[in-house]
Structure formats: structure tokens, C-alpha cells
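Below: the structure, in C-alpha cells.
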Amino acid sequence: MEQQCNNPSSSSSKADRKTTEKNRRNQMKALYLKLHSLVPHQQHSREVLSLPDQLEEAINYIKRLQIDLERMRQKKDSLKGGENSSCNSTSDRMTGLSLPHIEIHSVDSALQVVLTTGLDYQFIFTDVIRLLHEEGVHVINASYTLIGDTIVHSIHSKMGECEPDQYGAARISERLKKFVGGC
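Under the UniProt record's numbering, the letters of the sequence shown match residues 1 to 183, in that order.
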């Protein structure tokens with residue numbers, strides 16, 4: 001065994017391995033520095049992070065980017081789906097609206113409510129129906145249409161006999177707008 005260690009070819013291969021390992025370590029160090037420079041750092045943290053902490057920070061950052069990317073893809077798909085539907089004029093009108101949005105039209109004792117919401121605001125529909133009942137309005141028909149991530153609710157109703165005037169419709173309209181605006 002001692003004879004192999006004194007062999008000149010053995011010592012040169014040992015030096016080659018050391019050089020190879022040193023080059024590999026330098027290359028990894030350069031890659032870690034490059035990765036660390038690409039990840040945005042939190043301003044409140046001034047302490048130097050260890051290498052495992054830097055890698056953990058990079059992994060978390062990449063995961064957040066993947067989630068954001070998926071969310072944006074879904075939004076893009078929903079917007080494309082709205083363009084391809086048969087309700088182009090409706091989807092074009094809704095793109096400028098902030099959700100939730102309500103429109104109220106009254107003619108004599110008839111009251112039509114068009115409520116536009118996102119998927120996150122589905123509860124508003126039942127609350128609007130409840131408010132109409134509290135005001136003595138009789139709901140004749142209610143329907144909805146789903147366009148991408150937007151829901152358009154249409155409520156056809158008739159005001160009670162005690163409130164057929166425009167003041168009753170104005171009061172109901174104001175109450176509904178105030179309720180939806182506060183959501």
C-alpha cells in the first residue's frame with residue numbers, strides 16, 4: 001500500500017481530484033451567489049443568512065411565484081372565456097365595473113335589480129333578496145348567469161300596494177346601493 005502512495009501517477013490523480021473538487025465548490029458558490037442575488041430580500045432583515053436559510057428563502061419565493069403565476073393564468077383563462085361566450089356585450093360592459101355592482105330599474109310598481117358579483121360575493125344575492133322582502137317587495141323571478149368568474153343575478157319583482165310611488169322605489173334603490181357598496 002505504501003508503494004502506491006509514492007507512485008507519481010497516484011499523486012497526480014490525487015491532485016486532479018483536489019482541483020476538480022475545488023472547481024466544483026467554486027462553481028457551486030458562484031451559483032449560490034447568483035441565486036441569492038435573484039431573490040428579493042426583506043428590508044427589515046439585516047442579518048446575514050446562512051446558506052440553508054438562503055436556499056429556504058429562494059424555495060419559498062419560487063413557490064409564491066408559482067402560485068401567483070397560476071392565479072394569473074386562471075384570470076387570463078376566465079377573461080378569454082368571457083370573450084368567447086355569446087354574451088360579448090355583457091362581458092364588455094362588466095370589464096369596467098368594480099365588483100360587486102348593482103343596477104336598479106323601476107317602472108310603476110315593477111322593480112328590476114341586476115346584481116353583478118364575483119365568485120367571492122355569492123352571499124350578497126341572498127342578502128339583497130332579504131332586503132327586498134323587508135321593504136315589502138314581492139320577488140316574481142330570480143335568475144343568474146355565470147360568465148367566467150363573474151355572476152350576473154337578475155331579480156324581477158313587484159313593489160307592494162303600500163309603496164307603488166317613486167319615493168318607495170327611490171328609498172329601496174338607495175338602501176340596496178348602500179348595502180352593496182359597503183360589501
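Here a beta-carbon is modelled for each residue, glycine too, at the ideal position from N, C-alpha and C. Note that the coordinates shown come from a computational prediction; the quantities given were computed from them, not determined experimentally.
Local Cβ density within 10 Å of Thr19, reported as buried at 16 or more and exposed below that
Position 19 of the sequence shown, counting from 1, holds the residue named residue 19. Thr19 comes out exposed.
Between His138, Val139 and Ser154, which has its C-alpha nearest Thr145's C-alpha?
Position 145 of the sequence shown, counting from 1, holds the residue named residue 145. Checking every option, the nearest Cα to that of Thr145 belongs to Ser154.
* Asked: Where does Val128 sit, in a helix, a strand or coil, going by DSSP?
  -> As a working mapping, residue 128 is identified with position 128 in the sequence shown. Helix at Val128.
**Asked** Exposed or buried, His101, counting other C-beta atoms within 10 Å across all chains shown (16 or more means buried)?
**Response** Sequence index remark: in the sequence shown, residue 101 carries index 101 (1-based). Buried, since its Cβ has 16 or more Cβ neighbours within 10 Å.
* What's the C-alpha gap between Val39 and Arg73? -> Numbered from 1 along the sequence shown, position 39 holds the residue referred to as residue 39. Numbered from 1 along the sequence shown, position 73 holds the residue referred to as residue 73. Approximately 22 Å between the Cα atoms of the pair.
Based on the DSSP secondary-structure assignment, which residues constitute the bridge partners of Leu146? Translated into the one-based positions of the sequence shown, residue 146 becomes position 146. For Leu146, which the question treats as bridged, DSSP gives the partners Ile151.
Checklist entry - Around the C-beta of Thr126, are 16 or more other C-beta atoms found within 10 angstroms, so that it is buried, or is it exposed? => result For the purposes of this step, residue 126 is taken as residue 126 along the sequence shown, with counting starting at 1. Exposed, since its Cβ has fewer than 16 Cβ neighbours within 10 Å.
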